[in-house]
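Enquirer:
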Amino acid sequence: MAIKGEHGIKVRHARTKDVRAIAALMQPYVQERILLGKDLVVLYESVQEFRVAVTPEDEVVGAGALHVMWDDIAEARSIAVRQDWLGKGVGRVLLEGLERDALKLGLKSLFCLTFEVAFFERAGFEAMDEGEPLVAADVYAELVRSPDEGVAEALDLARVKPNTLGNTRMLKRIG
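Reading the sequence shown from the start, the letters are residues 23 to 197 in my numbering.
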């Protein structure tokens, strides 16, 4: 079911035809080092994780992904809104859609790594303390095996520290 926001914006699951628009939305944020860059093939492989915000004409003006990390936690990632749509509620309805998906999957927590602290605080996320573990030690031992760079960043692994400088690790309990 699509979620409706302000200005006729509708949020729906992404389709393969949306992938190039998602990549274009992300590009300015990647250039500013706000988001991690993703190759087009990676976006196609993960299209099922994405929701898009579209105008009544079905033009993609925002995107975000829900990446399940473990049985009770997922990351809200790659949230991007077209510059001319900032401040119009697009990010908010995208995040609401991701949270709804997380609840349907039975997840209990949403994680994000962000420069946009105020935005996520308004959505109920709280900043994590420096060194605070994201997951229990046994789950950490499993997650550290993931080849996904975003998971490495969530775990605050030393090898990805240059990617995360200035970002805030945030968590929201949802279930």
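Beta carbons: idealized from backbone N, C-alpha and C, even for Gly.
Here the structure is a predicted model, which is why all the values come from computation and not from measurement.
Would you tell me roughly how many angstroms separate the C-alpha atoms of residue 80 and residue 36, rounded to the nearest one?
Expert: Rounded to the nearest angstrom, the two C-alpha atoms are 11 Å apart.
Enquirer: By the 10 Å Cβ neighbour count, where 16 or more other Cβ atoms means buried, how is residue 40 classified, buried or exposed?
Expert: So residue 40 ends up on the buried side.
Enquirer: So, does the stretch 127-134 touch the stretch 56-73, judging by three or more C-beta pairs under 8 Å?
Expert: Not touching, per the Cβ criterion.
Enquirer: Could you have a look at residue 82 and say whether DSSP puts it in helix, strand or coil?
Expert: Strand at residue 82.
Enquirer: Select from 196, 29, 197 the residue whose C-alpha is nearest the C-alpha of residue 112.
Expert: Nearest option by C-alpha distance: 29.
Enquirer: What are the complete alpha helix (DSSP H) segments, minimum 4 residues, inside the stretch 78-161?
Expert: The stretch 78-161 contains these whole alpha helix (DSSP H) runs: 112-126, 139-144.
Enquirer: Could you check what DSSP says for residue 39 in three-state terms: helix, strand or coil?
Expert: Here residue 39 sits in helix by DSSP.
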